[in-house]
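A quick write-up on the structure given underneath.
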Ligand SMILES: Cc1ncc(C[n+]2csc(CCOP(=O)(O)OP(=O)(O)O)c2C)c(N)n1
Ligand SMILES: [Mg+2]
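Residue numbers (our numbering): 8 to 589.
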């Protein structure tokens, strides 16, 4: 006698939901799925094989030993292409392992479609996919999405396979619309195994479901900014992530040169061109109190109010793809007027209006301001040279020297993933970048991102050298075995430079800032030292990378040259450099 439940007999039509899921992912332009699989993915894995057998398109699959790498690879890919990818992880536990990365993606306004299964909801084999193992009984929390909800623009549990393509299009529209960010889709096994007739599955083509882009600004507000700039005596511009669009970088340069504006990158995440004659560095602290007109352009943290007394009289114009910062309970930087939109387009409007209104007096004043700006720029460059001239000592290589030497080996299009924490300033100072978005940091604060992002960027731009620079602490956070395993398996060579200062210097410095003469200082006990005498190079070697531990400053140029040569030749390199102790 056939005792198969009725539901199981009658819901069998052409293809399973998982089949349409893969098709739908393809239709929304997902190139890659960064996957860490579990029991929830049986229907997807089976349909991957099914689609391959039928010769049907679907995203490429990158298997990632750790979810932290998977999600950060999606971040790196999105950073280079502008397009969010899929990350497929295992129920609540895999989702939890992405939380650090989801924080970073959200704070970097990078799109990603995170997907996870949910424990099956049937226990008696009523439907295909019913619970069949221990973990299915323990992996269902009340609110799975809560694990990453603070970092999401949208979340949903797929209620039925019949709407799978609608759900994917909706997810895509939201993640790709400005300000971009993560979305999360959960799916149960029973839903993924439901069969549907192909005619029942509606399509949601891209041409009918456009995403929302950043636009220009209200001409009245543009005119108000221009009126201020016309009479400004000490204008400054501060940006943090305008470099995510090359056009914005160019317009900042054009405006700065025309109007004599000193340009700063504060807490930079996506660099603008450092070649601009008006680019004066990364610390606007002294300039902020003296500015009469300030432009905040795509920036989250222009300065630290505890350290910089902003001038009540400064007129601030805030131009940003995200003026409101709705993801932050507190955000209190001034904006006498705010224009939300595409900063490049808005600055084009500003330049156009400024050119029509520019008086000879304005032009003369703007040109005169370029002289002190150039002097500040020259002084900064000279200062960088002076810092880099000291090589350091054996076992204590000077990070300024090391990074200045690295800079000599990089092409304009190569990318630097700067996770150097307390040495991040040295990286910024010593590796100036001409091309926007070639030196990046995440907008978030979750350590362990640079390896995964470098891999994802490499996947998107195979001809460019990707350099990860992290501290010894950051190296651990980045799940390096997962990073080097993927590098080896998928032939994605990257250069990992570890600046080992013997521990968590940021933690030590933070304690000293709060308690300059405290007990921790007296006892010289900052709870910051990590295992000494480690050899990170062995981690790289385990996965076929070229790897070297470097202590001698005199060996720096040769070691860097060898690593870069290896990576350009197709093999990852890891350089564990013992730098100035914290
Ligand atoms: C996931 C995560 N855990 C903890 C921290 C807190 N934290 C910030 S900086 C830092 C030390 C990092 O050490 P390292 O990478 O060696 O850089 P250094 O401070 O020595 O320059 C820590 C632990 C964090 N930012 N992210
Ligand atoms: Mg360190």
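Each residue gets a CB set at the ideal place from its N, CA and C atoms; glycine is no exception.
- Cβ contact annotation for residue 79 (same chain, cutoff 6 Å, sequence separation greater than five): 108, 456, 459 and 460, in chain order.
- Assigned with DSSP and collapsed to three states, residue 277 falls in strand.
- Comparing C-alpha distances from residue 567 to each of 540, 552, 502 and 351 shows the shortest one belongs to 502.
- Taking the Cβ of residue 402 as the reference point, every heavy atom of ligand 2 lies at 7 Å or farther away.
- In the same chain as residue 360, and ignoring 5 residues on each side of it, the C-beta atoms closer than 7 Å to its own belong to 229, 230 and 233, in chain order.
- Distance from residue 218 to residue 184 at the Cβ level is roughly 5 Å; contact confirmed, criterion being Cβ atoms closer than 8 Å.
- Membership of residue 484 in any beta strand (DSSP E) is not indicated; the residue belongs instead to the alpha helix (DSSP H) covering 479-484.
- In terms of side-chain proximity, the C-beta atom of residue 103 is found no nearer than 7 Å to any non-hydrogen atom of ligand 1.
- DSSP, reduced to helix, strand and coil, places residue 335 outside both helices and strands of the structure shown, so it counts as coil.
- In the DSSP annotation of this structure, the continuous segment of the beta strand (DSSP E) that includes residue 425 starts and ends at 422-426.
- Within the DSSP secondary-structure output, residue 504 pairs in a beta bridge with 476 and 582.
- Judged by DSSP in its simplified three-state form, residue 264 adopts helix.
- Using a Cβ distance threshold of 8 Å, residue 247 and residue 169 do not count as a contacting pair.
- Membership of residue 302 in any alpha helix (DSSP H) is not indicated; the residue belongs instead to the beta strand (DSSP E) covering 300-304.
- Inter-residue distance for residue 123 and residue 387 is about 48 Å (C-alpha atoms, whole angstroms).
- If you ignore the 5 residues before and after residue 419, its C-beta comes within less than 6 Å of the C-beta of 441 and 442, all in its own chain and listed in chain order.
- Cα atoms of residue 329 and residue 305: separation of roughly 7 Å, rounded to the nearest angstrom.
- In this structure, the beta-carbon distance from residue 584 to residue 557 falls below 8 Å.
- Cβ neighbours of residue 252 within its own chain (closer than 6 Å, five residues either side excluded): 351.
- Residue 589 has its Cβ nearer than 7 Å to a heavy atom of ligand 1.
- Two segments are said to touch when three or more pairs of C-beta atoms, one from each, lie closer than 8 Å; by this definition the segment 274-286 does not touch the segment 337-347.
- If you check the C-beta of residue 510 against ligand 2, you find a heavy atom less than 7 Å away.
- For residue 533, the secondary structure class from DSSP, reduced to helix, strand or coil, is coil.
- DSSP places residue 164 in the uninterrupted beta strand (DSSP E) bounded by 161-164.
- If the five residues before and after residue 290 are omitted, its C-beta is found closer than 8 Å to the C-beta atoms of 271 and 273, all from its own chain and listed in chain order.
- If you draw a 10 Å sphere on the C-beta of residue 555, you find 16 or more other C-beta atoms in it, and that means buried.
- Here the distance from the Cβ of residue 107 to the nearest heavy atom of ligand 1 is below 7 Å.
- Contact annotation: the segment 159-166 touches the segment 188-207, with at least three C-beta pairs closer than 8 Å.
- In this structure, residue 480 has its CB closer than 7 Å to one or more heavy atoms of ligand 2.
- Of the heavy atoms belonging to ligand 1, at least one sits nearer than 7 Å to the Cβ of residue 454.
- Counting only residues of its own chain and dropping the five nearest sequence neighbours on each side, residue 25 has a CB closer than 6 Å to the CB of 50, 51, 54 and 199.
- In this structure, residue 570 has its beta carbon at no less than 7 Å from each heavy atom of ligand 1.
- Between the alpha carbons of residue 23 and residue 203 lies a distance of about 6 Å.
- Between ligand 1 and residue 484, a heavy atom-to-CB distance of less than 7 Å is present.
- Relative to the non-hydrogen atoms of ligand 1, the Cβ of residue 429 comes within a distance shorter than 7 Å of at least one.
- The DSSP assignment places complete alpha helix (DSSP H) segments of no fewer than 4 residues inside the segment 192-253 at 196-200 and 226-238, in order along the chain.
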